[in-house]
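Engineer:
Chains as they are written, first to last, in the numbering used here: chain A, 35 to 233; chain B, 35 to 233.
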């Protein structure tokens, strides 16, 4: 299996983390996330979004979107990372969609601007910080119900998906000081068997 | 069942469409999408994102994110709207994540600005139009492979999810003239049994 990858991208990290925890071997090929001019040539025909992660199976089939890749492996090989109950499975997806809509576009983008050294207007940076803080506060409120993990009281791909960018939010200029339950949950994720860090 | 709803939102429409096609009865309660000041009071405790659609079941459980709601009903009641094959199921999710990341933030937001009469800087409007056109072109390219539907050669919740905002893209200032396959696919979706229009 070949994973089109980038070391900055926590979307790619989510896939590397699950595949490693499942003991599934894969190769990586890193793509540039600043200069994307070769994307149509490399990913055209593999992923309509021309983004990483894109996974290519040995039989030539390909799959894009970190959430879809996580779901595929958790629903086939790593079923311990998905609840069995259909409602809890839908809750897993609720958090995964929330992550791609509310967390990623704010925290990942603010972090990318910093990592890439891009100067952006203060109003744009402020908007990303405000949106990201709202998302972090929503997770903190959810965890305040005594939950150890996001869904079903055990580690699932919802945790992997939301952990991805929130655990490196400080690299985007976010403070996690106001979110002690989030920090404790980060520590629980990092204590899972087979855990690997993002770098 | 109670659906917190808004008549402009195609995310809500997706849920209304599937529930109607499945013959599942539901009530709606419309929330304002311009003045959101009552959201914490109404949706707090029901949906961490404080967004519509939010579905409340008769037993009090609640679910947010249109994609999660579609998945729940298609995986339990309306299994004809999901492929059985795990890889094709992952492809359904790939399109649903693509929709929430690449289509919704561009086409839905540009359309909302027009419907609500909000004046935005030309550069912001241009960015939304460019991002939306890239997404529409990606769908057109996918359909050029001879596909009648997005996944598995039959109508699935991937079609519902992607149809939602793309079929009203012109209300956001997008032209669909360059996408004949997209328009033909729109017509196939609208010809499905039990179809209802957005308004």
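Heads up, the beta-carbon is just placed ideally off N, CA and C, and yes, glycines get one too.
What's the gap between the Cα of residue 191 (chain A) and the Cα of residue 115 (chain A)?
Structural biologist: Against the first chain, residue 191 (chain A) aligns to sequence position 157. Against the first chain, residue 115 (chain A) aligns to sequence position 81. One C-alpha to the other measures close to 6 Å.
Engineer: What whole-angstrom Cβ distance do residue 87 (chain B) and residue 49 (chain B) have, given they're in contact under 8 Å?
Structural biologist: On the second chain, residue 87 (chain B) is found 53 positions in, with the first residue counted as 1. On the second chain, residue 49 (chain B) is found 15 positions in, with the first residue counted as 1. Indeed they touch by this definition, with Cβ atoms about 5 Å apart.
Engineer: Nearest to residue 211 (chain A) by CA position, among A:113, A:167, A:158, is which residue?
Structural biologist: The count along the first chain starts at 1 and reaches residue 211 (chain A) at position 177. For residue 211 (chain A), the nearest C-alpha among the options comes from A:167.
Engineer: Quick check on the DSSP output: the beta strand (DSSP E) that includes residue 122 (chain B) runs from which residue to which?
Structural biologist: Walking along the second chain from the start, residue 122 (chain B) turns up at place 88. No beta strand (DSSP E) contains residue 122 (chain B), which is instead part of the alpha helix (DSSP H) from 120-132.
Engineer: Whole angstroms is fine: what's the gap from residue 59 (chain B)'s alpha carbon to residue 66 (chain B)'s?
Structural biologist: To locate residue 59 (chain B), count along the second chain from 1; it is residue 25. To locate residue 66 (chain B), count along the second chain from 1; it is residue 32. Spanning the two alpha carbons is a distance of roughly 23 Å.
Engineer: Output the distance between the C-alpha atoms of residue 224 (chain B) and residue 213 (chain A), rounded to the nearest integer angstrom.
Structural biologist: Start at 1 with the first residue of the second chain, and residue 224 (chain B) comes out as number 190. Start at 1 with the first residue of the first chain, and residue 213 (chain A) comes out as number 179. If you take the alpha carbons of residue 224 (chain B) and residue 213 (chain A), they lie about 46 Å apart.
Engineer: Once you ignore the five residues that flank residue 84 (chain B) on each side, which residues in its own chain have a CB closer than 8 Å to its CB?
Structural biologist: Along the second chain, one-based indexing puts residue 84 (chain B) at 50. Correct list, in chain order: 70, 73, 74, 77, 78.
Engineer: What do you get for residue 35 (chain B), buried or exposed, if any count of 16 or more other CB atoms within 10 angstroms of its CB means buried?
Structural biologist: Here residue 35 (chain B) refers to the residue found at position 1 of the second chain. Residue 35 (chain B) is exposed by the Cβ-count criterion.
Engineer: If you compare alpha carbons, which of B:135, B:125, B:209, B:136 is closest to residue 186 (chain B)?
Structural biologist: As a first step, residue 186 (chain B) must be located in the second chain, where it is residue number 152. Minimum Cα distance to residue 186 (chain B) is reached at B:125.
Engineer: For residue 130 (chain B), verify whether its CB is less than 8 Å away from any heavy atom of the ligand NAD.
Structural biologist: What this structure holds is no ligand at all, so the ligand NAD is not there to describe.
Engineer: Between the alpha carbons of residue 233 (chain B) and residue 61 (chain B), how many angstroms are there, rounded?
Structural biologist: To locate residue 233 (chain B), count along the second chain from 1; it is residue 199. To locate residue 61 (chain B), count along the second chain from 1; it is residue 27. Each residue's Cα considered, the two are about 16 Å apart.
Engineer: Along the region 127-153 of chain B, what residues have a CB closer than 9 Å to any CB found in chain C?
Structural biologist: The chain inventory of the structure shown lacks chain C, comprising the protein chains A and B.
Engineer: Please decide whether residue 120 (chain B) counts as near chain A, where near means a Cβ-Cβ distance under 9 Å.
Structural biologist: Reading the second chain from its first residue, position 86 is the one you call residue 120 (chain B). Yes, its Cβ sits closer than 9 Å to a Cβ of chain A.
Engineer: Between the region 136-148 of chain B and the region 193-212 of chain B, do at least 3 Cβ pairs fall closer than 8 Å?
Structural biologist: As far as the Cβ criterion goes, the region 136-148 of chain B touches the region 193-212 of chain B, which means the pair count is three or higher.
Engineer: Name, please, each residue of chain B whose Cβ falls closer than 7 Å to the Cβ of residue 106 (chain A).
Structural biologist: Working through the first chain from its first residue, we reach residue 106 (chain A) at position 72. What residue 106 (chain A) touches in chain B: 120, 121, 124.
Engineer: Which residue marks the beginning of the beta strand (DSSP E) containing residue 98 (chain A), and which one marks its end?
Structural biologist: Mapped onto the first chain, residue 98 (chain A) falls at position 64. It spans 96-98 - the beta strand (DSSP E) in which residue 98 (chain A) sits, taken as one unbroken run.
Engineer: Against residue 83 (chain A), what residues of chain B qualify as contacts under a CB-to-CB distance less than 7 Å, listed in chain order?
Structural biologist: Working through the first chain from its first residue, we reach residue 83 (chain A) at position 49. Here the neighbours are 132, 136, 172.
Engineer: Looking only at its own chain, which residues have a Cβ that is under 7 Å from the Cβ of residue 293 (chain A), when we skip the five neighbours before and after it?
Structural biologist: As displayed, chain A neither begins before 35 nor continues past 233, which places residue 293 (chain A) out of reach and without an answer.
Engineer: Which residue from B:152, B:41, B:193 puts its Cα closest to that of residue 52 (chain B)?
Structural biologist: For the purposes of this step, residue 52 (chain B) is taken as the residue at position 18 of the second chain. Comparing Cα positions, the closest option is B:193.
Engineer: Is residue 50 (chain A) close to chain B? Criterion is C-beta to C-beta, closer than 9 Å.
Structural biologist: Locating residue 50 (chain A) in the first chain gives position 16, counting from the first residue. No, residue 50 (chain A) does not count as interfacial toward chain B.
Engineer: Once you ignore the five residues that flank residue 56 (chain A) on each side, which residues in its own chain have a CB closer than 7 Å to its CB?
Structural biologist: What you label residue 56 (chain A) is simply residue 22 of the first chain in a count that begins at 1. Here the set comprises 107, 111, 112.
Engineer: Considering only DSSP beta bridges, list what residue 90 (chain A) is partnered with.
Structural biologist: Translated into positions along the first chain, residue 90 (chain A) becomes position 56. A:36, A:96.
Engineer: Run through DSSP, which three-state label would residue 62 (chain A) get?
Structural biologist: Residue mapping note: residue 62 (chain A) aligns to position 28 of the first chain, counting from 1. Residue state, collapsed to three classes: strand.
Engineer: For residue 190 (chain A) and chain B, any beta-carbon pair shorter than 9 Å?
Structural biologist: Walking along the first chain from the start, residue 190 (chain A) turns up at place 156. Taking Cβ atoms only, chain B never reaches closer than 9 Å to residue 190 (chain A), which makes this a no.
Engineer: Short of 6 Å in beta carbon distance, which residues of its chain neighbour residue 46 (chain A), apart from the five on each side in sequence? Order them along the chain.
Structural biologist: Residue numbering aside, residue 46 (chain A) sits at position 12 when the first chain is read from its first letter. Correct list, in chain order: 39, 40, 86, 87.
Engineer: Quick one: give me the first and last residue of the alpha helix (DSSP H) that residue 173 (chain A) is part of.
Structural biologist: As a working mapping, residue 173 (chain A) is identified with position 139 in the first chain. Note, residue 173 (chain A): alpha helix (DSSP H), 156-177.
Engineer: Can you tell which of B:101, B:148, B:122 has the C-alpha that lies nearest to the C-alpha of residue 134 (chain B)?
Structural biologist: Along the second chain, read from residue 1 onward, the residue named residue 134 (chain B) stands at position 100. Nearest of B:101, B:148, B:122 to residue 134 (chain B), Cα basis: B:101.
Engineer: Straight-line CA distance for residue 44 (chain B) to residue 127 (chain B)?
Structural biologist: Your numbering for residue 44 (chain B) matches position 10 in the second chain. Your numbering for residue 127 (chain B) matches position 93 in the second chain. Rounded to whole angstroms, residue 44 (chain B) to residue 127 (chain B) spans 18 Å at the Cα level.
Engineer: Which chain A residues sit within Cβ distance under 8 Å of residue 163 (chain B)?
Structural biologist: Position 129 of the second chain holds residue 163 (chain B). None at all; the shortest Cβ gap to chain A is about 18 Å.
Engineer: Does the beta carbon of residue 99 (chain B) come closer than 9 Å to any beta carbon on chain A?
Structural biologist: The sequence position of residue 99 (chain B) within the second chain is 65, counting from 1. By this cut-off, residue 99 (chain B) is an interface position.
Engineer: Using a Cβ-Cβ distance under 9 Å, would residue 95 (chain A) count as near chain B?
Structural biologist: For the purposes of this step, residue 95 (chain A) is identified with residue 61 of the first chain, where counting begins at 1. Yes, its Cβ sits closer than 9 Å to a Cβ of chain B.
Engineer: Which residues in chain A sit within 9 Å of residue 109 (chain B), going by Cβ to Cβ distance?
Structural biologist: As a working note, residue 109 (chain B) is residue 75 in the second chain. 120, 123, 124, listed in chain order.
Engineer: Using beta carbons (cut-off 9 Å, strictly below), is residue 219 (chain B) in contact with chain A?
Structural biologist: For the purposes of this step, residue 219 (chain B) is taken as the residue at position 185 of the second chain. No, no contact with chain A.
Engineer: Check each candidate in B:228, B:189, B:63, B:226 and name the one with the smallest Cα separation from residue 33 (chain B).
Structural biologist: Residue 33 (chain B) is absent from the structure shown; chain B starts at 35 and stops at 233.
Engineer: How is residue 181 (chain A) classed by DSSP in three states: helix, strand or coil?
Structural biologist: As a position in the first chain, residue 181 (chain A) is number 147, starting the count at 1. Looking at residue 181 (chain A) - three-state DSSP - the assignment turns out to be coil, as it is neither helix nor strand.
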